[in-house]
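Enquirer: With the working numbering applied, the sequence shown covers 8 to 274.
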Amino acid sequence: MKFDFDTIGEWAPRLSAALDTLMSDRLRKRVAAGPIEWLEDALDIILEEVERNALIDATREWLRGQMIVAYHGSRLSPEEIASVRTAGLRALDPGTRKGQLAQILSRHPGWAQASIGLDAAIRDFGDGQFGRRQGQAHLTISRGALLTAFNHYLVEGSEFDQAVAVELLGKGARALLQEGRSPVLFTVEVPGDRALDLAERWLRNGEMPGLIRHVLQFWANWLHDPALDPGTQHVDFGLIFYEGIPSDWITDAALIDEARLLESYHR
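(1) Less than 8 Å between the beta carbons of Gly199 and Arg21, yes or no?
(2) On the three-pair Cβ rule with 8 Å, is the segment 157 to 177 touching the segment 90 to 110?
(3) Taking DSSP as the reference, what is the three-state secondary structure of Leu96?
(4) Ile43 to Asn228, Cα distance in whole Å?
(5) Please report the residue range of the alpha helix (DSSP H) in which Ala24 lies.
(6) Thinking C-alpha only, which one of Gly151, Gln120, Ala24 and Gln224 is nearest Leu50?
(7) By the three-class DSSP mapping on this structure, what secondary structure does Tyr160 have?
(8) With distance defined between alpha-carbon atoms, name the residue in Ala128, Gln73 and Ala266 nearest to Ser189.
(9) Should Trp69 be labelled buried (16 or more other beta-carbon atoms within 10 Å of its own) or exposed?
(10) Mind reading off the beta-carbon distance from Leu153 to Gly80? Whole number of angstroms is fine, and I expect it under 8 Å.
(11) Any idea what DSSP makes of Phe244, helix, strand or coil?
(12) Would the beta-carbon of Gly238 fall within 8 Å of that of Arg150?
(13) Among all the DSSP beta bridges, which residues are the ones paired with Tyr78?
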């Protein structure tokens with residue numbers, strides 16, 4: 008089965024069935040009745056009566072049996088899109104970006120002087136004081152959030168490319184990154200056990216794993232309000248890979264209407 012975070016009306020009933028032995032009818036009715044003021048309130052009500060670790064363990068086990076649908080947005084040329092479909096999403100290697108960035112940014116009238124700082128900018132925004140993205144590939148669980156709240160990735164392209172371009176040439180350089188490229192949204196299906204391993208990599212003692220926390224919070228709110236739409240909630244939760252993402256996990260590459268993106272685009 009697939010777990011696609013925004014389609015809560017599909018997965019929440021299945022999770023409810025998996026947690027049935029932990030949730031009494033009385034508790035379900037209590038959550039439904041509310042009151043619920045903040046996102047975390049519904050789950051807090053449940054945790055007053057359900058043992059926390061038991062709830063986490065049961066949810067983890069359920070997620071392990073799912074294919075986790077996640078998304079990656081960028082702005083790419085037709086050749087770059089074809090490369091991703093063939094070779095997968097590569098982890099950021101700043102060194103390999105240098106030549107392409109130089110070619111793109113050389114169209115700027117101030118490039119001759121700005122190019123002197125290219126190596127330093129690549130270092131700083133790759134694995135230096137401003138970056139820490141080197142060797143990483145990112146996915147997010149909410150398609151709706153990527154298309155609205157965080158759609159600058161689709162409008163402008165790679166965050167690393169943006170940072171280097173703006174550092175060297177100012178905000179106007181973002182337009183150069185857009186030329187000859189189109190917004191594209193990749194759909195990726197990640198095996199549940201792999202997604203959980205990534206989401207739990209940097210846990211501190213006592214923390215609820217991030218993926219499980221988001222799933223349980225929104226499920227609990229769905230019990231209160233079945234009309235809840237996670238895609239409108241600007242959910243900022245992603246999976247960070249420290250290696251490339253294989254091409255056979257990528258199930259779709261959809262071009263996105265730029266006019267639609269610009270309705271909610273802001274920087």
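Note that beta-carbon positions come from the ideal geometry of N, C-alpha and C, so glycine has one too.
Expert: On the basis of the coordinates in this document:
(1) no
(2) yes
(3) strand
(4) 8 Å
(5) Ile15 to Ala25
(6) Gln224
(7) helix
(8) Ala266
(9) buried
(10) 5 Å
(11) coil
(12) yes
(13) Thr147 and Thr194
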